[in-house]
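Be aware that the sequence shown starts at 1, since it is given in the UniProt record's numbering, and climbs by one per residue. Input: a single structure, listed below in structure tokens.
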Amino acid sequence: MQRPTFIPPNPTEPPTMRGPRVTTAAPMPRAPLPITRPLTPNEFNTALVHLYRGELTRANTWRVRLDGTTNWAVLTTGATLSFAFSSPSNTPVMILLNSLLIMFFLFIEARRYRFYDLWRTRVRVMETEFFADMLAPEPDSDTGGPHWRELLAQDLMEPHFNISLLEAMSRRLRRNYVWIFALLALSWVTKVGIHPTIAQSFGEVYDRAAVGPLPSWFMLLFGAAFNGGLVWLGWLGEQSQESSGEILSRNEARDKMGSGTANE
1 MQRPTFIPPN PTEPPTMRGP RVTTAAPMPR APLPITRPLT PNEFNTALVH LYRGELTRAN
61 TWRVRLDGTT NWAVLTTGAT LSFAFSSPSN TPVMILLNSL LIMFFLFIEA RRYRFYDLWR
121 TRVRVMETEF FADMLAPEPD SDTGGPHWRE LLAQDLMEPH FNISLLEAMS RRLRRNYVWI
181 FALLALSWVT KVGIHPTIAQ SFGEVYDRAA VGPLPSWFML LFGAAFNGGL VWLGWLGEQS
241 QESSGEILSR NEARDKMGSG TANE
């Protein structure tokens, strides 16, 4: 569509003919897009180094967030146990409530761990495939699968989590939270056994397990189911793929990036 263009009046024309005149001008041609040329080796190395620094910063940021969640879990547990054992009249119910709070912290940390695992996998792929090959070139380093550049490019274009939420919860449970839950369970048994007075028989401990209208058998059944679920969650992670540790090997990083699973 042509757009109108105003032409200023010509001073040499008679006064009756002076005034702005409207005409139409042809649309300006759009400049062609520049043709993408292949990167030189120096340009590729520079771009990859900047990408590595960015992914490393992301991984470090989410690693700090993991530590923050664990610190809150430890602080709340310490405060709860200090208050529970400070007086014989304090109820042991707060220990049970703190266990539920720690489970919530575990859920949050598992979600953060999935992001951390995504960034650290990219970092390890670049470290093992690019930087390690620069330091110690291997002529026969082909693993038989897709090239590491293809894996990295596909992961950048279509990012996905490398592990499921349950597997992430299992890993964080085995690494950190199993000790917190074990301490809470032992503290609850100790609190019920010694407060308000030291129990003289198992029947007395059984009676103290009741909480308000909830009978003792229900509380014991709930505790057994809760801790049994934690055991199952820890066992579930042992049966899953790759759980060797925080540092991924070359093959583990390639397998995780090329798996394309855990996208929920």
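We put the beta carbon where it would ideally sit given N, CA and C, even for glycine.
What three-state label does DSSP hand residue i in the structure shown?
| i | result |
| --- | --- |
| L248 | coil |
| P146 | coil |
| H50 | helix |
| P196 | coil |
| F85 | coil |
| L230 | helix |
| F161 | coil |
| N263 | Per-residue confidence for N263 stands at a pLDDT of 48, beneath the threshold of 50, marking its modelled position as unreliable; the derived number appears in the next sentence. Coil, per DSSP. |
| A136 | coil |
| P38 | coil |
| S170 | helix |
| T91 | coil |
| E55 | helix |
| S201 | coil |
| R254 | helix |
Report buried or exposed for residue i, applying the criterion of at least 16 other Cβ atoms within 10 angstroms of its Cβ.
| i | result |
| --- | --- |
| L151 | buried |
| D133 | exposed |
| F83 | exposed |
| N42 | exposed |
| S99 | buried |
| F218 | exposed |
| T40 | exposed |
| L233 | buried |
| F44 | exposed |
| P157 | Per the sequence shown, residue 157 should be read as Met rather than Pro. With fewer than 16 Cβ atoms within 10 Å of its Cβ, M157 is classed as exposed. |
| F105 | buried |
| G203 | exposed |
Less than 8 Å between C-beta atoms, sequence neighbours within five positions excluded: which residues of the same chain meet that for residue i?
| i | result |
| --- | --- |
| I102 | A73, T76, T77, Y177, I180, F181 and L184 |
| V123 | Y52, E55, L56 and A59 |
| L230 | L173, V178 and F181 |
| R112 | W62, R65, L66 and T69 |
| A79 | none |
Since residue i sits in a beta bridge, which residues does DSSP pair it with?
| i | result |
| --- | --- |
| L214 | V211 |
Residue j and residue i - do their beta-carbons sit closer together than 9 Å?
| i | j | result |
| --- | --- | --- |
| F85 | S187 | yes |
| W148 | F131 | no |
| R254 | V125 | yes |
| H195 | S89 | yes |
| S201 | R208 | no |
| T128 | S249 | yes |
| L96 | G228 | no |
Could you name the residues of the same chain whose beta carbon sits closer than 7 Å to that of residue i, not counting the 5 residues immediately before and after it, in chain order?
| i | result |
| --- | --- |
| A110 | L165, A168, M169 and R172 |
| V211 | V93 and M219 |
| V49 | none |
Enumerate in chain order the residues of its own chain whose CB-to-CB distance from residue i is below 6 Å, with the five nearest sequence positions on each side excluded.
| i | result |
| --- | --- |
| A199 | G193 and V205 |
| R120 | A59 |
| L81 | S187 |
| K256 | T121 and N162 |
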